[in-house]
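Novice: Basically this note's numbering = 1-based index in the sequence shown + 58. Don't be surprised by glycine CBs; every beta carbon is placed ideally from N, CA and C. Mind looking over this structure? Questions follow.
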Amino acid sequence: MKTIGRTCCLLVVVSEAAAYGRSLRAPALVAVRTAELHKVCEACGDAGLNTLQKSSEYCDEMHDQCTCCLKAVKAKYSEICSKYMGFGGCIDGIKAAIEDKDKECKEKQKIAEALKDQQKQKIEDAVGSDIFDLHSAKDQGKIVDTPYKDECAAYNSPNCKDQEALCGFDSGCDRELWKWTSELQRVEDWQGMLENIPCF
């Protein structure tokens with residue numbers, strides 16, 4: 059029984075090593091995925107797991123993943139914002155929808171309050187409650203590193219700092235993806251507020 063258990067463990071180690079193209083004698087460095095991507099980017103797969111490949115191949119993998127993710131983020135942004143057009147921008151449209159829902163809720167509350175006032179005559183301990191005002195919530199600016207900051211950093215090996223398509227400050231995919239992901243997260247936060255306004 060013990061021999062079988064050891065053999066099984068050895069097979070697991072061998073199969074894991076084989077999966078990464080490593081031998082058991084000389085373990086290779088395998089990069090941990092450092093890019094923090096939005097959940098819509100899951101279909102874009104992992105990139106840069108093999109740090110032994112040429113830098114150009116490594117960086118091309120990163121750029122392909124970044125480009126795929128940028129398309130997914132823009133598509134999700136468009137999907138959400140298409141519902142809130144005509145108000146000067148997506149977030150302004152969501153804010154307008156929040157105002158509309160708030161007005162609708164207040165109308166329902168007026169009716170409910172009128173019914174409560176009628177019942178107060180009969181029930182002494184009737185209590186009313188105010189709706190929580192979500193409009194006091196403010197944008198909380200978060201400073202977040204770009205998704206491929208480690209891959210674009212000079213201290214990392216391999217690194218893609220010289221690949222303008224991925225790491226360029228003005229037009230690199232890393233920076234564009236960071237801007238679009240930040241905007242999508244803001245839109246999703248506002249949409250979440252709209253969807254979670256309590257209406258009694």
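Compare the Cα-Cα distances from M234 to each of Q111, A130 and L173 and report the closest residue.
Specialist: Looking up residue 234 in the sequence shown gives position 176. Before going further, note that residue 234 is Glu rather than Met in the sequence given. Checking every option, the nearest Cα to that of E234 belongs to A130.
Novice: When you compare each of E94, C126 and A93 to A101 by their alpha carbons, which one comes out closest?
Specialist: The residue labelled residue 101 in the question sits at position 43 within the sequence shown. When only C-alpha atoms are compared, the closest one is C126.
Novice: Tell me the residue span of the alpha helix (DSSP H) that contains S136.
Specialist: The residue you call residue 136 lines up with position 78 of the sequence shown. Residues S113 to C139.
Novice: From Y116, C124, L110 and C257, pick the residue whose C-alpha is nearest to that of K237; which is it?
Specialist: Position 179 of the sequence shown, counting from 1, holds the residue named residue 237. Ranking Y116, C124, L110 and C257 by Cα distance to K237 puts C124 first.
Novice: Whole angstroms are fine: how far does the CA of I152 sit from the CA of K132?
Specialist: Along the sequence shown, one-based indexing puts residue 132 at 74. Along the sequence shown, one-based indexing puts residue 152 at 94. The straight-line gap from Cα to Cα measures roughly 17 Å.
Novice: Using DSSP with H/G/I as helix, E/B as strand and the rest coil, what is Q148?
Specialist: The residue given as residue 148 occupies position 90 in the sequence shown. Position check: residue 148 holds Cys in this sequence, whereas Gln was assumed. C148 falls in the helix class under three-state DSSP.
Novice: Express the C-alpha separation of Y206 and D158 in angstroms, rounding to a whole number.
Specialist: The count along the sequence shown starts at 1 and reaches residue 158 at position 100. The count along the sequence shown starts at 1 and reaches residue 206 at position 148. Spanning the two alpha carbons is a distance of roughly 40 Å.
Novice: Should A143 go down as buried or exposed, given a rule of 16 or more other Cβ atoms within 10 Å for buried?
Specialist: Position 85 of the sequence shown holds residue 143. The residue you asked about is not Ala; residue 143 is Met in the sequence shown. Classification of M143: exposed, given that the 10 Å Cβ count is below 16.
Novice: Return helix, strand or coil for C257, following the three-state DSSP convention.
Specialist: Within the sequence shown, residue 257 is the residue found at index 199, counting from 1. Three-state result, C257: coil.
Novice: Rounded to whole angstroms, what's the CA-CA distance from S113 to Y213? Just pull it up for me.
Specialist: For this step, residue 113 is matched to residue 55 along the sequence shown. For this step, residue 213 is matched to residue 155 along the sequence shown. Their backbone Cα atoms lie some 14 Å apart in a straight line.
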